[in-house]
Amino acid sequence: MLRVLRALGLTLLLAGMTIAAAPSASADTRTAVGGGTGIIFRLKPTPETPTSYYICTLTAVGRDSAGNLVGLTNAHCFIDEQGNKLVGERVYRDASPAGTAFSPAPITDSRPDLETGAIGTVTYVGTPNNLLNSGPKGLDYAVIKLDESRVAPTSTVGQVTITSIGAPPANGTRMCKEGHRTGLTCGVKLGTNGIWFTHLIWTDGGDSGSPVVNGQTLVGNAWGAQHSSPILSIIDAMNTQGGVGAGFHLAT
Numbered sequence: 651m652l653r654v655l656r657a658l659g660l661t662l663l664l665a666g667m668t669i670a671a672a673p674s675a676s677a678d679t680r681t682a683v684g685g686g687t688g689i690i691f692r693l694k695p696t697p698e699t700p701t702s703y704y705i706c707t708l709t710a711v712g713r714d715s716a717g718n719l720v721g722l723t724n725a726h727c728f729i730d731e732q733g734n735k736l737v738g739e740r741v742y743r744d745a746s747p748a749g750t751a752f753s754p755a756p757i758t759d760s761r762p763d764l765e766t767g768a769i770g771t772v773t774y775v776g777t778p779n780n781l782l783n784s785g786p787k788g789l790d791y792a793v794i795k796l797d798e799s800r801v802a803p804t805s806t807v808g809q810v811t812i813t814s815i816g817a818p819p820a821n822g823t824r825m826c827k828e829g830h831r832t833g834l835t836c837g838v839k840l841g842t843n844g845i846w847f848t849h850l851i852w853t854d855g856g857d858s859g860s861p862v863v864n865g866q867t868l869v870g871n872a873w874g875a876q877h878s879s880p881i882l883s884i885i886d887a888m889n890t891q892g893g894v895g896a897g898f899h900l901a902t
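What the sequence shown shows, in our numbering, is residues 651 to 902, in sequence order.
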């Protein structure tokens, strides 16, 4: 739960004079989220006592042209076993400690941040990558409208800071990702495969959606099998789709 504390100006009468104490600035107690933040959702039977859940990682947090605070992650995170797209799903921050490549965060340790509460709602689920099946090939992105009364954007999560957005670099360039399950892992860009680019960056379950960066430039979203979708292609698709996410740019 968000708790905002505000200092009250107290008026005192002293020797016939009125002295007003200046109000102090209230601390921002919202929870910081950004590219690399772990998320947890599909909490059954309830968020308070879940016996089943799913975990992924935010790609980036920014604003759209309407001023909404928006989070991006993978589409396949929000498609159920029957193929239904889970628009309207409420998303929580994963309160468990992030892992590393040598010590991945145990999936069984994942838990929703109930103090902050639900940080946003899924507003759009695109086409998943379908790399390993015959389904239509997609950029595998989903859009989450974040609750700005509960969360605030941050450019740094773990060991990755995102300050700009750009195209994937030349083949052979070292890139990194920051995922909740395995933290920072790096590897070179290998090439392209249709609408995606390929690399030697290690990911594990729960890292889906992780930001892939070249330095501090966000270039894609990781979704496993050493593939990612270019962030500029995702932004173009959101602009074409319209609605929440259109006009996406990094939050400042």
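Virtual Cβ for every residue (Gly too), placed ideally from N, Cα, C.
{"query": "Pull up the CB-CB distance for K839 and P819, whole angstroms please, since I reckon it's below 8 Å.", "result": "6 Å"}
{"query": "Look at Y704 and R713 and say whether their C-beta atoms are less than 8 Å apart.", "result": "no"}
{"query": "If we count the other Cβ atoms within 10 Å of its Cβ and call it buried at 16 or more, is K795 buried or exposed?", "result": "buried"}
{"query": "From D790 to G870, what distance separates their C-alpha atoms?", "result": "11 Å"}
{"query": "Return the chain-ordered ranges of every beta strand (DSSP E) run that is complete within the segment 733-814 and spans a minimum of 3 residues.", "result": "740-743, 770-775, 792-796, 801-803"}
{"query": "Less than 6 Å between C-beta atoms, sequence neighbours within five positions excluded: which residues of the same chain meet that for M888?", "result": "G895, A896, F898"}
{"query": "So what does DSSP say about H830, is it helix, strand or coil?", "result": "coil"}
{"query": "Return the CA-CA distance between S878 and S799, expressed in angstroms with no decimal places.", "result": "31 Å"}
{"query": "Whole angstroms is fine: what's the gap from G770's alpha carbon to D797's?", "result": "5 Å"}
{"query": "Just to confirm my understanding: we take Q809, look at its own chain, exclude 5 residues before and 5 after, and list those with CB closer than 6 Å. What are they?", "result": "L834"}
{"query": "Run through the DSSP bridge pairs and tell me what H899 is partnered with.", "result": "R713"}
{"query": "Spatial neighbours of K787 within its chain, please: C-beta separation below 7 Å, excluding the five flanking residues on both sides.", "result": "N779, N780, G844, I845"}
{"query": "Count the other C-beta atoms from every protein chain shown that fall within 10 angstroms of the C-beta of N864, then say buried if there are 16 or more, exposed otherwise.", "result": "buried"}
{"query": "Three-state secondary structure (DSSP) at T890?", "result": "helix"}
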